Every structure is written in C-alpha cells, then in structure tokens.
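Residue numbers (this note's numbering), protein chains in the order written: chain C, 1209 to 1425; chain S, 1209 to 1425; chain Z, 12 to 245; chain A, 12 to 245. Structure record follows, encoded as structure tokens.
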C-alpha cells in the first residue's frame, strides 16, 4: 500500500520531457518532489506562474510570490508571470499537458467531484472546473477509500460534480486505474496489494484483464 | 468653406481634457495638430499604442514604431504599448472617448460606409467596424460631396455598410451636423457658407431649426 | 492627464451602499489593502463584491465581512475564512461561486466589450444550471456572460499619474482583468513614479483602464502560508 | 525545456501544402521575415494565411502571393498590395475580410479555449451575414468563432530556449495573440538570450505557447511610410 508520497512518486512516472504541468493542492503538490532525473518539466500555478521552483530559503519569502495554495514559492530560470485571465487562457486553451488533482469521488465514467459537500463544506471550486473541463490529460491522486472506509471510486458520484467524463487515470494508495468505457481498468497494483483488496475497495465497475503487475517505484 | 485642415481644426474643438481619442487615416489624423492649449488628450493607435507623439526627427525613425497608417511615429511620456487583442479590447470595451474617422457615405440615420466599393476598391475594413460598433462618440470627418459633386450625406447608404446607426456628428467642409431621429440636424455653417448651399449639397433629410451660427475657428 | 488622488478615502468617493465592486488579489496577495480599510472605515454596506477569495477572518475582505458590509460575494474559492462560511451557511450572505478561469474571463470580457462567450468549464455541473449549452468540435460548452462592476479596485506595484500600472510577481493575478472591467477603476500602488519612468514596452495595465490612482501606505502584505526550506543542504 | 531550432528552414518543417498559417505583423512591422523567406524558397502552396495585412508587392506576404503559394487570405486590410488586389478581383485568390478587432480576438480566443464569443463589430454589415445575432443591454452583437491554425509564425525581439518572448514597440501587434493560437507556434527572434535573462515579470508571451524558436538573420525591417519632422524648429 502506498502513502501519499508514494502516490505522488508513482504519478511522477507519468511525466514526459518538455511537459507543462498543473498540480492541485494536497497530494498533487508532492509530485514536484519526484521529477525523474533528466526530465525538464515546468510547473504552472493558476494564479499566474510558469516555472515554479522550490520554497524560498528562510528569510527570503516574498509575499508577492505565492502559488495557488497561497504558499510562498520561488521561480526557476525561464519562469514567467502573467495574470489570471492569461493563466486560464493557457489552461482552457489546452496548453498544459498534464493536470493532477485530488478528488472526493471519481465515477467509473470519468466524472469527478471535489469541491462541495452540500450543507457542510463549501469552499468553492477554485480553478478545478476549468482544469478538468479543459485538460486532455487528467490524473486524479487520492486515497482509494474515505476515512470511514467507503470507496471513493464509484459507479456514480453522489456529491456535486466538478466535471463530467474528464478523468483519464486514477492513482490511489492501492492501484493505478484508467477510465475506459467499461469502467475503471486496473493497470497496476500498489506494492503488496492484491487484486481482491482493490476489488473490494472499489464500488464502481472494475475491469481486470490478465495479470496485473505491481508498481515499480 | 473649410479645407481639410479646417475640418480637423473644427473637430479638435470637440476634444475634452483627459480623453482618449482614436483618429482614423486621412483628415482625422490632422486633428492631432490642433489640440487646444492646456488640454491633455491621449491618442490611441489601434495597432497597439496609447500616447502617440509626433513624427520622429529625421534619422530617428524606428521600423518597430509605427501607427495604424504605417507611418513612423514617436511616443510621449506616459505612453504604453500593447498587442492588437488588448488594443481592440480597449476599443470594444468603450474605453476610448472619441473616434474620428473618414467616410465615403453617411446616412441620416447614422449609418456609415467607408470600406468597400464592390468590384472596384476592396482594401478591407481594418479596424473601422470595431470602432464604429463600439464607440459611444463617433465623429465623421469628410468632404460634403464627392469628386463628381454628389452628396455624401444620404437618405440611405448605397455602398456596403461599415456600421449601422452609429455616427453621432458629421463635420464637413460645409457644416457641422448631428445625427437625430429626424435626420442630419444642422449645427454650424462653415465660414462663408449659406444654409441654402448646405441644403443643396445634402441628399439626406436635413433639419434646420432657427438661426444656424457660423463656426468659430 | 492627471488621475492622482490623495488617498484611499478620496479614491473611493462615490462608492455607495448596494453597489457592485471588483477587488483584485489572490488570497491575501495583491489585494488593495488601503481601499479595503477605507471601505471598512466608512461602513459602506450592502455591497456585492467580486473577488477570487474573501480574505481571512481579520484581513482582506474579511474586514468587510466582519462588519456585515457585504451582501453578496462572487468568488471561486472561499476556504480560508470561518466567518465567511458561517454567514454563507446561515444564509446571511449570498454567495455565487464561479470557476476561477470563468471568473477571470468574465472580468476580462467585460473590459473587452464581449458580453458573452462559450467555455467548457462547469459543463454538467451546478454552475451550468440555466445556462445555454452548445457543442463546438464535439465538445459541450456553456455560455457565460461578462461581469461588470460599478467600481474596480486594484493593487499594483508602481504606477504613474496617467494610470499606467506595473505589478510585481504573483501579486498580479486578477488585478489586470479587473482593472479593465470597472466603470470606474481605482488603482492603489506602492509607488507613484513620473510619467515616462515606466518603460512603455512593459506596462501591464495601460492607463486608459484606470480613472483614479494613489500611493498607498503601510502595506502589511500578510503571508497566508509561509513555506520555506532550510539552507543547511545546498 | 529546449525549443531551439537552427534556422527558419528547420522551424517550418512539417508545414505542408494546403495548411492554415497565422502570421504576425501589422503592415511590414513585426513580420516573421525569415520564415516567410523560407516558405517562399520551399514553395509550399495552397496555403490559407491568416494575417492582418498581405504585405506589399515585393515584401512580406507579397513574396508568397507573387509565387501563387496562397490560396486564401484572412485579413482585415489589404490595401497596400497591387498583386493582391489583382488576384482577388480576378478570383484567383479567395479573401475573407474580417474586422481587425474581431481578427485579433478570434486568434486570442482560439488560444484561450473560447470557441465562440459575441461582439458588436460588423453587426448590420456583410460581415454579419449568416451569423447569429443576439442583443445584450439592448445592443445587437454577432457570434464570432475562434480561428485556429496548423502553425502560427510570430516575430519577437528577444526570446529564450523556453520559448519566452519579448516584443519591441508596435512590432508586438498581432504576434502575442497568434502565438497563443497555433497548434504549433514558431517564433523567430532578433536575439536568443539565456533563460533567466528576461525578467519573468515582463515576458509578453510565456514559453508555454511556443513550440519552436530560433534567432533570425538579416532583418530588413522595411518602413512603409517614412514620416519625419525637421529638427529646425525645436
């Protein structure tokens, strides 16, 4: 079974040289720590940065330089700054090759819910609806089940949707799955996790074809 | 009767302090030469300049600094440069207080034609359609009649339109007229021009109320 | 061309109860601190505020929420403010949540004279309810409309009396698009410079979009998430 | 992140007969001279060219018109080119004239993922024929669609191997919006600089929009209307 860092590490394997990547808040943010050697990728922050670097050294924080999670960050050489309208022009226009974001629920048709629990949590969708409606390549990073042990991979989302039929791949603490017309197609098992464990943790349709390899981290 | 410079001079009287102004090619360009003392106005060029100044001194021309008429120009302090999309965002968004342009024909309902003579001259509309559709305050600068002596102030335009019901005021070599629901309303006569001369040179409906003063230049 | 006003109090003259304001910033970054303080002081109320976020409890738009000056918020993310959430859940505060990219575009489009446009964002969600759907290249889009404001209030780094503005770092965010959208746009800046000092090639907001400008004072520039790394390993 | 190519010949690889190209520039100002020369040399034909103007008879896109490489032009103003007018009036060349602001917006919107938008420009004229009309605030608007291109070719002043671009003066014009709109965007620049040399706060086109970049040579930068004043009177 993977921890959050493991999920991020596995997703980092999806990166390709020259890609522009938008990482959501939470587990997705950790992906930046595992960029494979020799790959050049640029991270976009939807508040208006391309080429985000690591956190600043202590004492060098700049209130005017934050990421979409409101954390102080730095810029790498080749970075650029732009306004929110331009930032979402990039996103909506399909110029970002990979979007990684968290989710409360994912349905086996690619629907995603991650912005609202009616009557309870109403923080807003931020940039998530623009991201999921626009990107070609959307990977969800999340735990397979919620705190009460219920599956977050469903036949149908119960929460208000963020986007429809948009998720391409899901990476959880248990498995890597692709969204196919037949449902979640199991691609890889997390280390030490059996196909049966994944089955029982997945409420949505799960497609299992042939031997399912274990992830190589 | 006014010459082209006189028309420009009369239009310059319309300028107000703090206005942003777009001047079309031809007579309108000359308006910049007659800005009343003490008024601060900024000239916009739709290829991406605010704060256009005079022509450069000989030898100081810069191929990268031209106006919409493709003439080499300079910038004044406080000028800014932007791209074409932003330039027309300004225009379409109603941020320019006055637009002055030439016309082949103006109708007494405010229609204007200035971009095409079918089968003959097809240079294109450039930015004229955006300007006339967007600006609140459009003044046409032109000669009252064409080279064959025919009126250019018509009941209805015969040439393909640039915009409908958009012209607010017309300044010609003979008169200043406002567009009203009743037609061209005569506001001022050019020096030495009689109301009858204006009447006979105007094909569209002409409204004459009371004494018509002569322009003060 | 002189758009200089003395201070925030003079800049916000004419803002009345019940008006719609746009306020730049992302989180607490790049927010018009001086004007927010002046609005709080004057107690103008019944406001509709268009702003990506709603500040935190004791800073940014949180200051206006505390004093119940805001009737309605149009935002994309409001997660950092407990008082906001309380007012919203209790129904005291009307909230219209808008996808962040649509929010930015709706400001930009208002400034650009485009009253409506199609975007894929929000299709199939609550956001699309009641909106026209149309397919382009086989993909569903919804029709979104431009957002207008009686006043837009933005914060820039430097500016001149023509209203030309330059922003610093990610404090740019929503400010340029909102500057375009206000019927009257107020800019507060950290430093007023002489016309000509800002390179015309590198002005972020041309002065034509700005009606009033002043040099703000005592910027706190609070950091919400101070994240750092240690210098021990180089 | 290395988008550097050697020269124009390498940059235009993959451009084929019958493709749609966008080319930046206003008149002869800010046009991609090197790429136009390479297109002329390689004789790629049947092109649809989206460009505000069509050059003059012996420069700019006029070079491609001379060699009959262009099947269709999408432009706003084509007044400076006798050969163009001849081909258009004779029917050899298809021409779609578009209001200049709509042209710029249709490029920008393509790059921004907005497939259609309403604009007042052209309502009631030939341009509106066959287009949807809708009223907003009592004013008629027409629905315009985004323009896409197989390749966009732009000219900038400086750039780096990440594709970041900076333009000079009014040579900016259509280049930034077109840079956003190409499926593949080629940028030719007067000077390639090291990443980090361009201030991140003042980059006009972020590198994400650019796929290939090279340092051009022998820029002629012809002036169409050399207008000057005398120094005699100060």
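Quick reminder that beta carbons are idealized off the backbone N, C-alpha and C, glycines included. Being a predicted model, the structure only gives us computed values, none of them experimental.
Considering only residues of the same chain and omitting the five flanking positions on each side of residue i, which have a CB-CB separation below 6 Å?
| i | result |
| --- | --- |
| residue 194 (chain A) | 161 |
| residue 1250 (chain S) | 1228, 1258, 1259 |
| residue 1277 (chain C) | 1233 |
| residue 218 (chain A) | 173, 174, 175 |
| residue 1214 (chain C) | none |
| residue 214 (chain Z) | 175 |
Could you tell me the distance, in whole angstroms, from the CA atom of residue i to the CA atom of residue j?
| i | j | result |
| --- | --- | --- |
| residue 1321 (chain S) | residue 1329 (chain C) | 58 Å |
| residue 1281 (chain S) | residue 66 (chain A) | 20 Å |
| residue 1354 (chain S) | residue 1406 (chain S) | 14 Å |
| residue 1408 (chain S) | residue 91 (chain A) | 36 Å |
| residue 50 (chain Z) | residue 165 (chain Z) | 14 Å |
| residue 96 (chain Z) | residue 44 (chain Z) | 22 Å |
| residue 141 (chain A) | residue 1368 (chain S) | 16 Å |
| residue 1351 (chain C) | residue 1385 (chain C) | 13 Å |
| residue 89 (chain A) | residue 99 (chain A) | 10 Å |
| residue 1410 (chain S) | residue 1337 (chain S) | 25 Å |
| residue 1399 (chain S) | residue 1391 (chain S) | 23 Å |
| residue 1222 (chain C) | residue 180 (chain Z) | 30 Å |
| residue 23 (chain A) | residue 63 (chain A) | 20 Å |
| residue 1238 (chain S) | residue 86 (chain A) | 27 Å |
| residue 242 (chain Z) | residue 1269 (chain C) | 13 Å |
| residue 111 (chain Z) | residue 1245 (chain C) | 33 Å |
| residue 139 (chain Z) | residue 1332 (chain C) | 15 Å |
| residue 1364 (chain S) | residue 1394 (chain S) | 18 Å |
| residue 30 (chain A) | residue 80 (chain A) | 11 Å |
| residue 1362 (chain S) | residue 1305 (chain S) | 26 Å |
CB-CB under 7 Å to residue i, same chain, minus the five flanking residues each way: which ones, in chain order?
| i | result |
| --- | --- |
| residue 2 (chain A) | Nothing can be reported for residue 2 (chain A): it is not among the residues displayed for chain A, which extend from 12 to 245. |
| residue 1242 (chain C) | 1216, 1217, 1220 |
| residue 1396 (chain S) | 1383, 1384, 1420, 1421, 1422, 1423 |
| residue 221 (chain Z) | 14, 174, 176, 190, 196, 198 |
| residue 150 (chain A) | 131 |
Just confirm the distance between the C-beta atoms of residue i and residue j, as a whole number of angstroms; I'd bet it's less than 8 Å.
| i | j | result |
| --- | --- | --- |
| residue 13 (chain Z) | residue 172 (chain Z) | 5 Å |
| residue 10 (chain A) | residue 1292 (chain S) | For residue 10 (chain A) there is no data in the structure shown, the boundaries of chain A being 12 and 245. |
| residue 1342 (chain S) | residue 124 (chain Z) | 6 Å |
| residue 178 (chain A) | residue 41 (chain A) | 7 Å |
| residue 1376 (chain S) | residue 1313 (chain S) | Contact flag wrong, Cβ pair sits at about 16 Å. |
| residue 1266 (chain C) | residue 239 (chain Z) | 4 Å |
| residue 1262 (chain C) | residue 206 (chain A) | Not a contact, Cβ separation roughly 17 Å. |
| residue 211 (chain Z) | residue 1402 (chain S) | Residue 211 (chain Z) to residue 1402 (chain S), Cβ: 49 Å. No contact. |
| residue 113 (chain A) | residue 130 (chain A) | 6 Å |
| residue 163 (chain Z) | residue 33 (chain Z) | 4 Å |
| residue 1380 (chain C) | residue 1340 (chain C) | That pair is no contact at about 18 Å. |
Between residue i and the ligand COA, is there a pair consisting of the residue's CB and a ligand heavy atom that are separated by less than 7 Å?
| i | result |
| --- | --- |
| residue 113 (chain A) | By its list of ligands, the structure shown contains no ligand whatsoever, and the ligand COA lies outside what it can speak to. |
Since residue i is in the alpha helix (DSSP H), which residue starts that stretch and which ends it?
| i | result |
| --- | --- |
| residue 73 (chain A) | 73-77 |
| residue 100 (chain Z) | 93-101 |
| residue 21 (chain Z) | 19-22 |
| residue 187 (chain A) | 186-192 |
| residue 117 (chain Z) | 111-123 |
| residue 52 (chain A) | 44-53 |
| residue 1212 (chain S) | 1212-1220 |
At which residues does the beta strand (DSSP E) containing residue i begin and terminate?
| i | result |
| --- | --- |
| residue 86 (chain A) | 81-86 |
| residue 145 (chain A) | 144-147 |
| residue 170 (chain Z) | 160-170 |
| residue 1311 (chain C) | Here residue 1311 (chain C) belongs to no beta strand (DSSP E), and DSSP marks it neither H nor E. |
| residue 234 (chain Z) | Taken as a continuous stretch (DSSP letters only), residue 234 (chain Z) belongs to no beta strand (DSSP E), as it is neither H nor E. |
| residue 107 (chain Z) | 105-108 |
What does a CB cutoff of less than 8 Å around residue i pick up in its chain, not counting 5 residues either side in sequence?
| i | result |
| --- | --- |
| residue 117 (chain A) | 109, 155, 156, 157, 158 |
| residue 73 (chain A) | 65, 66, 67, 92, 94, 95 |
| residue 234 (chain Z) | 39 |
| residue 231 (chain A) | 44, 70 |
Practice problem: Entirely within the segment 1231-1276 of chain C and at least 4 residues each: give me those alpha helix (DSSP H) ranges in chain order. | Solution: 1235-1238
Exercise. Could I get the ranges of all uninterrupted alpha helix (DSSP H) runs contained in the segment 1339-1416 of chain C, with 4 residues as the minimum, in chain order?
Key: 1403-1409
Practice problem: Only counting runs of 4 or more residues, tell me where the alpha helix (DSSP H) segments fall wholly within the segment 1271-1305 of chain S, in order along the chain. | Solution: 1292-1300
Quiz prompt | Residue ranges of each alpha helix (DSSP H) within the segment 198-223 of chain A, 4 or longer | solution = none
Quiz prompt | Members of the segment 1276-1296 of chain S that neighbour chain D once the beta carbon cut-off is set at 7 Å | solution = In the displayed structure, chain D is absent; the protein chains listed are C, S, Z and A.
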